[in-house]
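Below is one structure, written out as structure tokens; comments come after it.
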Amino acid sequence: MGVVSQVMAAAPTAAPTGISQCKPATATTITLCWTKSTIAAVNIGNNIKSYYITNATETCTGSGSSRSFSFG
Numbered sequence: 626m627g628v629v630s631q632v633m634a635a636a637p638t639a640a641p642t643g644i645s646q647c648k649p650a651t652a653t654t655i656t657l658c659w660t661k662s663t664i665a666a667v668n669i670g671n672n673i674k675s676y677y678i679t680n681a682t683e684t685c686t687g688s689g690s691s692r693s694f695s696f697g
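Quick note: the sequence shown uses this note's numbering, first residue 626, plus one each step.
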């Protein structure tokens, strides 16, 4: 139980923000960028290094090279 408490105490304080498509999409990829959440510098090794995205709603607008996507 002590280990669980330590991990939870060092958990990130917020969800990532500013999620957006930051590079043009290709036929097979969509590139997303975001501002990561952080925790205190004393626990810097516990900062989030990757995310698993589920149940995201994709909204597409435009066409051709002007096509864009958002996720919510």
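Note that CB positions come from ideal geometry on N, CA and C, so glycine has one too.
Give every residue of the same chain whose Cβ lies closer than 6 Å to the Cβ of residue i, excluding the five residues on either side of it in the sequence, and list them in chain order.
i, result
"K648", "T656"
"R692", "none"
Going by C-alpha distance, which of the options is nearest residue i?
i, options, result
"S690", "P641, W659, A650", "A650"
"T642", "T684, R692, T660", "T660"
"I644", "C685, C658, A652", "C658"
Alpha carbon to alpha carbon, how far is residue j from residue i? Give it in angstroms, no decimals.
i, j, result
"T743", "T684", "What is shown of the chain runs 626 to 697, which leaves residue 743 out entirely."
"Q679", "T686", "The sequence given here places Thr at residue 679; Gln does not occur at that position. Looking at the two C-alpha atoms, the distance is approximately 21 Å."
"N646", "F694", "First, the amino acid is wrong: residue 646 is Gln here, not Asn. Roughly 7 Å between the two C-alpha positions."
Below 8 Å CB to CB, which residues in the same chain sit around residue i once its five sequence neighbours on both sides are set aside?
i, result
"S688", "none"
Who are the near neighbours of residue i in its chain, counting only those whose CB is closer than 7 Å to its CB and skipping five residues on each side?
i, result
"A652", "none"
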